[in-house]
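The sequence shown maps to residues 68 to 115 in the numbering used here.
Beta carbons are placed, not taken as given, at the ideal position from N, Cα and C, and that holds for glycine.
This report concerns only the one structure given below.
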Amino acid sequence: MKHDMHPILKSYLPLVKGAVELLAKKLNCSRYSIYNYLNEIGAEASKT
68 MKHDMHPILK SYLPLVKGAV ELLAKKLNCS RYSIYNYLNE IGAEASKT
């Protein structure tokens, strides 16, 4: 995971409608990448 994206994705911003698409466009990646990063963060959080 890109460490610079972690704080953005850990916030509540991705829960806002359309935010994932906006983040993907701004970060020049696919929305699927954003969802994968969110899944990684969720997996890390569930381990603790």
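Asked, Found
"Going by the CB atoms, is the gap between Ile108 and Val87 shorter than 7 Å?", "no"
"Excluding the five sequence neighbours on either side, which residues of its own chain have a C-beta within less than 7 Å of the C-beta of Arg98, listed in chain order?", "Val87, Glu88, Ala91"
"Which residue marks the beginning of the alpha helix (DSSP H) containing Gly95, and which one marks its end?", "A small correction: the amino acid at residue 95 is Asn; Gly does not occupy that position in the sequence shown. It is not in any alpha helix (DSSP H) - Asn95 carries neither H nor E in the DSSP assignment."
"Measure the alpha-carbon distance for Leu39 versus Cys96 and round it to whole angstroms.", "Outside the displayed span of the chain (68 to 115) sits residue 39, for which this structure offers no information."
"So for Lys114, helix, strand or coil by DSSP?", "helix"
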